[in-house]
Amino acid sequence: MKYRAEIDGLRAVAVVPVILFHAGCDLFSGGFVGVDIFFVISGYLITSIIIEDLENECFSIANFYERRARRILPALFLVMLAIIPFAVFMFTKDQLIGFAKSLISTSLFSSNVLFWSESGYFEANSLLKPLIHTWSLAVEEQYYLVFPLLLFGLWKFCRKKVFWVIFSIGVFSFLLSEWSSSNYPEANFFLLHTRAWELLAGSITALFIQKTNTEIKNINNILSLIGFIAVFYAIFAYDKTTPFPSVFALVPVLGTVFIIMFADKTTLVAKFLSIKLIVGIGLISYSAYLWHQPILTLLRLKLLEYDLPIYYRLLTLIGSLLIAYISWYFVEQPIRKRAIL
-1 MKYRAEIDGL
9 RAVAVVPVIL
19 FHAGCDLFSG
29 GFVGVDIFFV
39 ISGYLITSII
49 IEDLENECFS
59 IANFYERRAR
69 RILPALFLVM
79 LAIIPFAVFM
89 FTKDQLIGFA
99 KSLISTSLFS
109 SNVLFWSESG
119 YFEANSLLKP
129 LIHTWSLAVE
139 EQYYLVFPLL
149 LFGLWKFCRK
159 KVFWVIFSIG
169 VFSFLLSEWS
179 SSNYPEANFF
189 LLHTRAWELL
199 AGSITALFIQ
209 KTNTEIKNIN
219 NILSLIGFIA
229 VFYAIFAYDK
239 TTPFPSVFAL
249 VPVLGTVFII
259 MFADKTTLVA
269 KFLSIKLIVG
279 IGLISYSAYL
289 WHQPILTLLR
299 LKLLEYDLPI
309 YYRLLTLIGS
319 LLIAYISWYF
329 VEQPIRKRAI
339 L
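Each residue of the sequence shown is one higher than the last, beginning at -1 in the working numbering.
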């Protein structure tokens, strides 16, 4: 699969607002949509990789899962282990029990179910849960368990209908999400069946690009810019009161789709997202996402306040990126490049 620097740049656009939102920066009131951006990117990338392997007749489900394990597990387990000694000395008995449950559920890729059963994502007590953010990893892993098998089966037995079957499933998930946003908002936020359409949006994008030429120079500039504006509109205009995910999630999701689909290297958006610093942040975005919530939790416990001073918010962003780089350089990259995990 051809490397696209702008995709890594898009990851940076996703992770920084998430960190600042969790840190309590009011300017980034919709920073939580960064997770939705990640979902679309993940759906696009894994589908592109699988399609390439299927076309070359070298797809292996075992190899796919092994590559995913390399990508996700080392950094995740490092963060989980790093939190334990702090939890032992800083958490109350009830907090420690809750943390132990989250360690187990995170290891089993089911933390989204655990946190759904406990409380809402935007409630104050979630701020003191160092692994609350792993709900999104659980959603992705659950998707990774199901989608490759579905795509492989469709490719083998009804290849001509792959796009429309995936598209139909995505539409159904979206409609279910819209309905659940007002009837079961907590389940809607955390669970796979109402989040799948965001990942499927990326998968549909990959399938569409595979069969269609999207390189139309003048239009690409305009459409990618529309996508860019849509993403940033959601980041700055949405807040905790926005029903989510719902029809409102279409703005950042379709914005991300437009960027992936139309931001070729000649466009202004691609040139901006390909700036080395932005790409660099994107490369370490996974680790930065993993580390920021534990840092915020420990700071809030230490200072005994939820609303952190602004310099602590900036410190969290900088600290998360620095630790993320160390993790990426010494843990993620070496393990991903080894012959065996």
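Backbone N, C-alpha and C fix where the C-beta goes; we use that ideal spot for every residue, glycine too. No experiment lies behind these values; they were computed from the predicted model shown.
Would you decide whether residue i is buried or exposed? Buried here means 16 or more other CB atoms lie within 10 Å of its CB.
| i | result |
| --- | --- |
| PRO146 | buried |
| VAL77 | buried |
| GLU64 | exposed |
| LEU261 | One point to set straight first is that residue 261 is Ala, not Leu, in the sequence displayed. So ALA261 counts as buried. |
| THR397 | Residue coverage of the chain in this structure runs from -1 to 339, which leaves residue 397 outside it and unanswerable. |
| ILE59 | exposed |
| GLY29 | buried |
| THR90 | exposed |
| PHE187 | buried |
| ILE49 | buried |
| ASN110 | buried |
| PHE155 | exposed |
| VAL245 | exposed |
| SER166 | exposed |
| ILE338 | Low confidence applies to ILE338: its pLDDT is 43, below 50, so where it sits in the model is not reliable enough to give any reading. |
Give the C-beta separation of residue i and residue j to the nearest angstrom, bearing in mind that I take them to be a contact with Cβ-Cβ under 8 Å.
| i | j | result |
| --- | --- | --- |
| TYR236 | SER27 | 6 Å |
| LEU198 | PHE161 | The Cβ separation is near 11 Å, so there is no contact. |
| PRO250 | ALA228 | 7 Å |
| TRP195 | SER171 | 4 Å |
| PRO183 | PRO292 | About 26 Å; that fails the 8 Å criterion. |
| PRO243 | ARG193 | 7 Å |
| LEU340 | PHE226 | This structure cannot settle anything about residue 340, because the visible part of the chain is limited to -1 through 339. |
| MET259 | ILE217 | Wrong, their Cβ atoms sit about 11 Å apart, outside the cutoff. |
| ARG346 | ARG334 | Because the chain here runs from -1 to 339, residue 346 falls outside it and cannot be looked at. |
| ILE17 | ALA286 | 7 Å |
| VAL31 | ALA232 | 5 Å |
| LEU306 | ALA73 | Rounded, the Cβ-Cβ distance is 24 Å, inconsistent with contact. |
| SER283 | VAL13 | 4 Å |
Please determine, among the options, the residue with the shortest C-alpha to C-alpha distance to residue i.
| i | options | result |
| --- | --- | --- |
| GLY41 | LEU152, ILE164 and ILE95 | ILE164 |
| LEU71 | LEU306, LEU288 and ILE321 | LEU288 |
| ASP6 | GLY280, LEU319 and ILE321 | GLY280 |
| TRP340 | LEU126, PHE242 and PHE113 | Outside the modelled stretch of the chain, which goes from -1 to 339, sits residue 340, for which no answer is possible. |
| ALA3 | LEU275, ILE130 and ASN61 | LEU275 |
| PRO318 | PRO15, LEU223 and ILE257 | The amino acid occupying residue 318 in the given sequence is Ser; Pro does not appear at that position. The option with the nearest alpha carbon to SER318 is PRO15. |
| PHE75 | LEU52, ILE102, LEU252 and GLU55 | ILE102 |
| SER46 | LEU126, ASN181 and SER201 | SER201 |
| LYS0 | ILE44, VAL245, VAL11 and HIS20 | ILE44 |
| ILE257 | ILE39, PHE19, VAL13 and HIS191 | ILE39 |
| VAL277 | VAL255, PHE57, PHE37 and TYR323 | TYR323 |
| LEU125 | HIS191, HIS290, SER166 and LEU223 | HIS290 |
Answer with yes or no whether the minimum CB distance from residue i to chain D is below 9 Å.
| i | result |
| --- | --- |
| PHE188 | In the structure shown, chain D cannot be found, because there is only a single protein chain. |
Original post:
Counting Cβ pairs, one atom from each stretch, are 3 or more of them under 8 Å apart for the stretch 107 to 117 and the stretch 76 to 89?
Top reply: no
Subject >> Inter-stretch contact (C-beta, 8 Å, three-pair minimum) for the stretch 141 to 155 and the stretch 289 to 299 >> reply: No: fewer than three Cβ pairs fall under 8 Å.
**OP:** Write down every uninterrupted run of the alpha helix (DSSP H) in the stretch 196 to 250 whose length is 4 residues or greater and which is fully enclosed by it, in chain order.
**Re:** 215 to 235
Subject >> alpha helix (DSSP H) runs wholly inside the stretch 80 to 161, at least 4 long, in chain order >> reply: Complete alpha helix (DSSP H) runs here, min 4: 91 to 105, 109 to 116 and 133 to 155.
Original post:
Does the stretch 87 to 105 come close enough to the stretch 261 to 277 to have 3 or more Cβ pairs within less than 8 Å?
Top reply: Inter-segment contact for the stretch 87 to 105 and the stretch 261 to 277 is absent: fewer than three beta-carbon pairs are separated by less than 8 Å.
Subject >> Within the stretch 236 to 317, ranges of the alpha helix (DSSP H) (whole runs, at least 4 residues) >> reply: 248 to 260, 266 to 271, 274 to 281 and 283 to 301
Original post:
Quick one: complete alpha helix (DSSP H) runs, 4+ long, within the stretch 30 to 69?
Top reply: 32 to 53
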